[in-house]
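Asks: First the structure, which I've put down as structure tokens, then a few questions once you've had a look.
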Amino acid sequence: MFDFSGKRFVVTGAASGIGDATARQLISAGAHVVSLDRNEPTADVATHFPVDLADENSIDAAVDRLDGTFDALLNVAGVPGTAPAETVMAVNVFGMRHLTETMFERMAPGGSVVVVSSTAGFGWQQRLDTIKKLLATDSFAEAAQWFAKNPQEGNAYNFSKECATVYTMTMGVALHDMGLRINAVLPGPVRTPILEDFRQSMGEDNIDGAENLLGRHAGPDEIASAILFLASPAASWVNGHPLIVDGGLSGTYLTGLVPLPQI
Ligand SMILES: NC(=O)c1ccc[n+]([C@@H]2O[C@H](COP(=O)([O-])OP(=O)(O)OC[C@H]3O[C@@H](n4cnc5c(N)ncnc54)[C@H](O)[C@@H]3O)[C@@H](O)[C@H]2O)c1
Numbered sequence: 000m001f002d003f004s005g006k007r008f009v010v011t012g013a014a015s016g017i018g019d020a021t022a023r024q025l026i027s028a029g030a031h032v033v034s035l036d037r038n039e040p041t042a043d044v045a046t047h048f049p050v051d052l053a054d055e056n057s058i059d060a061a062v063d064r065l066d067g068t069f070d071a072l073l074n075v076a077g078v079p080g081t082a083p084a085e086t087v088m089a090v091n092v093f094g095m096r097h098l099t100e101t102m103f104e105r106m107a108p109g110g111s112v113v114v115v116s117s118t119a120g121f122g123w124q125q126r127l128d129t130i131k132k133l134l135a136t137d138s139f140a141e142a143a144q145w146f147a148k149n150p151q152e153g154n155a156y157n158f159s160k161e162c163a164t165v166y167t168m169t170m171g172v173a174l175h176d177m178g179l180r181i182n183a184v185l186p187g188p189v190r191t192p193i194l195e196d197f198r199q200s201m202g203e204d205n206i207d208g209a210e211n212l213l214g215r216h217a218g219p220d221e222i223a224s225a226i227l228f229l230a231s232p233a234a235s236w237v238n239g240h241p242l243i244v245d246g247g248l249s250g251t252y253l254t255g256l257v258p259l260p261q262i
């Protein structure tokens, strides 16, 4: 579908699920793929550097090992709400933001960043002022301190994805000024190892209800192809955009056709 010959990508989360599907699609399209994950990928990536995205120093050490410039950074790694809230926020928000901002100077002109957020962050508008306060922090450590002092109601995973979506939307113009782009993909439920954790933390009825409504969950390749689109020149004027990829679920929920699940 895309030709990424000669293009260089950094992919987090490439060892499993959506990141694995993304790495495989990129490799098939001719890209040079560098994996950053705590686990070793099975896809035939050019290089893999182990990293703990919950640890700022580990991110810095991994970025120091990268050579050259990159056409895209794809932030796919994430942890579910079954993990401790600090870990969820560290990986899904603080580490993702730290890696993204550390990579700016290594991005090739016209390069782009994709953040895999989630439809679970649909409540961002209700919490926008709070999210902006968190995102006004200047560093991983400061953000972690802010979160320790300002614990949030409900599932930390949802809050983390609200922050990831708002981060992407608020950074669009700043990246435009750098000659770059940033976008998010917001999947609904996807058949990957994390889904069992979502059934525990969001409720089996909610996850199974989505499957009943549509007849199936997404496959990881269906999310990966949206990530590739946003990272491609075909999306050259798409910036700061949260792209919902959920088979139509959000449309029915957000317009009230079907009651919003209590996740
Ligand atoms: N699967 C779904 O239903 C679904 C729905 C919406 C959003 N998402 C998001 O999609 C992204 C990918 O999830 P997935 O479904 O492929 O899950 P997955 O569990 O299959 O893959 C997650 C990957 O992230 C890596 N990772 C986790 N913590 C890490 C850390 N501290 N340091 C380095 N790497 C780490 C894991 O090793 C793994 O390779 C996540 O951000 C997730 O929140 C998934």
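Take numbering that gives the first Met the number 0: the final residue in the sequence shown is number 262, and no numbers are missing along the way. Ideal placement from N, C-alpha and C gives every residue a C-beta, glycine not left out.
So, helix, strand or coil for Thr11, using DSSP?
Replies: Here residue 11 corresponds to residue number 12 of the sequence shown, with the count starting at 1. It is a strand residue.
Asks: So, with DSSP's three-state summary, where would you put His175?
Replies: As a working note, residue 175 is residue 176 in the sequence shown. Correct three-state label for His175: helix.
Asks: Note down the Cα distance separating Ala14 from Leu185, rounded to an integer number of angstroms.
Replies: Against the sequence shown, residue 14 aligns to sequence position 15. Against the sequence shown, residue 185 aligns to sequence position 186. So the two alpha carbons sit approximately 20 angstroms from each other.
Asks: When the Cα of Glu266 is compared with those of Met170, Leu35, Gly109 and Leu227, which residue comes out closest?
Replies: No information on residue 266 is available, as it lies outside the stretch 0 to 262 that the chain covers here.
Asks: Whose C-alpha, out of Gly255, Thr251, Ile262 and Ser224, is nearest the C-alpha of Ala20?
Replies: As a first step, residue 20 must be located in the sequence shown, where it is residue number 21. Closest by C-alpha distance to Ala20, out of Gly255, Thr251, Ile262 and Ser224, is Ser224.
Asks: From the DSSP secondary-structure annotation, give me the bridge partner or partners of His47.
Replies: Position 48 of the sequence shown, counting from 1, holds the residue named residue 47. According to DSSP, which records beta bridges pairwise, His47 is partnered with Ser34.
Asks: Report the residue ranges of all alpha helix (DSSP H) runs contained in full by the segment 36 to 118; include only those spanning at least 4 residues, in chain order.
Replies: Runs of the alpha helix (DSSP H) lying entirely within the segment 36 to 118, each at least 4 residues long, are 55 to 63, 84 to 88 and 95 to 102 in chain order.
Asks: Count the other CB atoms, across all protein chains shown, that sit within 10 Å of the CB of Asn74; report buried if there are 16 or more and exposed otherwise.
Replies: Taking the sequence shown and counting its residues from 1, the one referred to as residue 74 is at position 75. That one is buried.
Asks: Taking the alpha-carbon of Ala28 as reference, which of Gly250, Ala234, Leu227 and Gly246 has the nearest alpha-carbon?
Replies: In the sequence shown, residue 28 corresponds to position 29, counting from 1. The shortest C-alpha separation from Ala28 is found at Leu227.
Asks: What is the DSSP secondary structure of Gln259, counted as helix, strand or coil?
Replies: Here residue 259 refers to the residue found at position 260 of the sequence shown. Going by the sequence as given, residue 259 is Leu instead of Gln. Three-state DSSP puts Leu259 in coil, outside helix and strand.
Asks: Measure the CB-CB distance between Gly80 and Val115 and report whether it falls below 9 angstroms.
Replies: One-based indexing of the sequence shown puts residue 80 at position 81. One-based indexing of the sequence shown puts residue 115 at position 116. Judged by beta-carbon spacing, Val115 lies beyond the 9 angstroms limit of Gly80, meaning their Cβ atoms are not closer than that value.
Asks: Any idea what DSSP makes of Asn238, helix, strand or coil?
Replies: For the purposes of this step, residue 238 is taken as the residue at position 239 of the sequence shown. Asn238 falls in the coil class under three-state DSSP.
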